[in-house]
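As numbered in the working numbering, residues 1 to 409 make up the sequence shown, in order.
Note that CB positions come from ideal geometry on N, CA and C, so glycine has one too.
These numbers come from a predicted model, not from an experiment.
Below: the structure, in structure tokens.
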Amino acid sequence: MPPPISLPRLQSHLEALSAFGRGAPGQGITRSCWSPAHEEARSWLIARMKDAGLTTWIDEAGNTFGRRGEGGPTVMTGSHIDTVPQGGPLDGALGVLAALECLQTIHEAGIRTRRPLTLAAWSDEEGRYLGLFGSRAFAGRLDPRKIPLVQSADGDRLVDAMTRAGFDPMEAPKARCDPRRLHAYLELHIEQGPHLEAQRIPIGVVEGIVGIRRSWVAFTGQPDHAGTTPMERRRDAFLGAAEYALGARELVVTRGSGKSVTNFGRVELAPGVANIVPARARLLHEMRELDPTVLARLERGCAAFARQVARRRGLRVKIEPLSRSEPVRCAPRVMEAVEQAAAELRLKYRRMPSGAGHDAQMLAAVTDSGMLFIPSRGGRSHRPDERSDWRAIERGTNVLLGALLRLAG
Ligand code: HGY
Ligand code: MN
Ligand code: MN
């Protein structure tokens with residue numbers, strides 16, 4: 001039976017990390033990758049890794065690593081320390097700090113594992129610039145030609161953000177790993193959904209992670225006087241976008257897998273004043289699905305629908321793909337290590353899919369990769385009141401420790 005982790009130490013680390021980028025009360029935490037708050041959090045994390053006796057380094061894609069042990073393929077664990085705007089204290093942070101707690105517990109117990117253990121904090125998981133950026137580069141899936149083009153939804157360029165943080169953006173593809181040096185990857189994360197809590201099951205064993213397609217869908221009509229132009233003469237870009245949004249949602253719900261989801265996170269209109277018929281409307285559109293064939297079908301269906309709406313309304317439409325991640329199945333070997341660790345602690349568990357995207361899906365391209373979930377209170381996440389019970393956090397971290405020791409031998 002592995003030694004127990006220190007919940008008080010993990011609590012103090014979670015509270016300390018949550019201070020970087022914390023807004024006014026009720027505003028949650030905003031710690032976008034490459035921002036000053038994120039870079040201060042990175043320095044704080046590196047100091048804590050050193051306290052835990054780890055060898056630390058940062059790669060060209062801004063991923064932060066801490067390793068214990070030498071030689072041979074390593075077992076990796078971790079998550080991300082960047083957050084969504086006005087996010088909570090656990091999404092990503094739990095996976096990084098629980099992994100740190102496990103490695104520190106192993107260090108203090110003087111346990112020698114057959115394989116080295118490496119902790120990773122992946123850059124820009126949330127995709128303020130490009131989703132899963134750091135793990136994408138590590139897995140050799142970052143297209144260098146895209147780097148100069150990537151910008152945040154509000155127009156901040158990736159190359160400027162990385163340069164401000166002291167990184168050379170064009171060096172990022174050098175973060176590509178050698179898959180032969182990896183043995184497995186396991187990430188602890190909050191479920192960010194309602195199922196584990198509703199079923200009163202403390203541990204989720206992730207069997208698959210959804211793929212995501214994100215794009216700008218831009219309709220162009222013509223500006224006109226909002227008062228004098230007869231309604232039937234208008235080529236209103238906003239109404240095209242509105243019809244597209246409602247129809248695309250219908251399409252994803254009725255022609256998807258039944259678990260397919262879609263979201264419109266941002267709408268921009270131009271010229272954007274009361275008395276001009278909108279000439280341009282841009283929607284930030286994403287869809288998610290576990291089955292790659294269904295996801296491809298939805299993507300094609302929505303694009304055809306956008307063209308149909310444009311034709312009917314005398315508009316032009318342009319679909320600009322922003323980012324894509326592929327659905328993955330998790331590795332049986334990693335799932336079994338989690339199940340054995342949970343069983344050893346007499347904890348109930350269930351296999352389940354992840355409706356959220358995670359770095360583990362990029363790691364699946366280069367090693368056996370898996371995840372474990374703990375319940376989210378009320379299923380709440382990506383909002384300031386994202387919480388999990390401390391008991392749930394302690395159980396999840398102890399299961400992570402048991403699974404890592406199994407994988408590392
Ligand atoms: O969007 C997601 O699924 C993840 O939280 N980045
Ligand atoms: Mn996350
Ligand atoms: Mn997230």
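Query, Result
"State the Cα-Cα distance for the pair Ser35 and Arg312, rounded to the nearest angstrom.", "44 Å"
"From the DSSP secondary-structure annotation, give me the bridge partner or partners of Leu372.", "Leu188 and Val205"
"Just to confirm, are Pro223 and Pro278 a CB contact at a threshold of 9 Å?", "yes"
"Alpha carbon to alpha carbon, how far is His13 from Pro89?", "11 Å"
"Ile5 by DSSP, collapsed to three states: which one?", "coil"
"Got a sec? Which residues, its chain only, sit under 7 Å from Pro271 by beta carbon, not counting five neighbours each side?", "Pro223 and Ala279"
"Under the rule that 16 or more other beta-carbon atoms within 10 Å means buried, what is Glu386, buried or exposed?", "buried"
"Considering only their Cβ atoms, is the gap separating Leu283 from Ala153 smaller than 9 Å?", "no"
"For Glu250, does the three-state DSSP call read helix, strand or coil?", "helix"
"Is Ala356 near ligand 3, with its Cβ less than 8 Å from a heavy atom?", "yes"
"Pairs of beta-carbons, one from the region 90 to 106 and one from the region 33 to 52, closer than 8 Å: are there three or more?", "yes"
"Here's a check: name, in chain order, each residue in its chain whose Cβ is nearer than 8 Å to the Cβ of His38, leaving out the five neighbours to either side.", "Phe20, Gly21, Arg31, Ser32, Ile81, Asp82 and Ala165"
"Would you give the residue range spanned by the alpha helix (DSSP H) that His285 belongs to?", "Unbroken run through His285 is the beta strand (DSSP E), Arg280 to Glu289; no alpha helix (DSSP H)."
"Between Gly92 and ligand 2, is the CB less than 8 Å from at least one heavy atom?", "yes"
"Apart from the five residues just before and just after Arg249, which ones in its own chain have a Cβ nearer than 7 Å to its Cβ?", "Thr262"
"Distance, Cα to Cα, Gly87 vs Arg383?", "5 Å"
"Is the region 236 to 256 touching the region 287 to 298 in the sense that three or more CB pairs, one from each, lie closer than 8 Å?", "yes"
"Going by DSSP, what residue range makes up the beta strand (DSSP E) through Met362?", "Run containing Met362: none in the beta strand (DSSP E); it sits in the alpha helix (DSSP H), Asp359 to Leu363."
"Roughly how many angstroms lie between the CA atoms of Val338 and Gly110, to the nearest whole one?", "22 Å"
"Closer than 7 Å by C-beta to Lys50: which residues in its own chain qualify, once you throw out the five before and the five after it? Chain order, please.", "Thr56"
"With 16 other CB atoms within 10 Å as the buried threshold, where does Glu15 fall?", "exposed"
"By Cβ distance, which residues of its chain are closer than 6 Å to Arg176, with the 5 residues on each side in sequence left out?", "Gly140"
"What does DSSP give as the partner residues of Ala98 in its beta bridges?", "In the DSSP output, where bridge partners are listed per residue, Ala98 has none listed."
"Looking at C-alpha atoms only, which residue of Pro8, Thr118 and Arg157 is the closest neighbour of Val96?", "Thr118"
"Could you tell me the distance, in whole angstroms, from the CA atom of Leu158 to the CA atom of Glu40?", "19 Å"
"From the DSSP output, which residues share a beta bridge with Asn263?", "Glu286"
"When every heavy atom of ligand 3 is checked, does at least one fall within less than 8 Å of the C-beta of Glu243?", "no"
"Please classify Trp122 as buried or exposed, where buried requires at least 16 neighbouring CB atoms within 10 angstroms.", "buried"
"Starting from the C-beta of Ser260, find all residues in its chain whose C-beta is less than 8 Å away, skip the five residues before and the five after it, and write them out in chain order.", "Val252, Val253, Met287, Arg288, Glu289, Val294, Leu295 and Leu298"
"So what's Tyr349 in DSSP terms, helix, strand or just coil?", "strand"
"Assign Gln104 to one of three DSSP states: helix, strand, or coil.", "helix"
"Please indicate yes or no: does the CB of Gln222 lie closer than 8 Å to some heavy atom of ligand 1?", "no"
"Do you know how far the Cα of Phe219 is from the Cα of Gly314?", "10 Å"
"Quick check: Ala237 and Leu269, are their CB atoms within less than 9 Å of each other?", "yes"
"Hey, Thr105 and Pro8: beta-carbon distance below 9 Å or not?", "no"
"Hey, how far is the Cα of Arg112 from the Cα of Glu320?", "50 Å"
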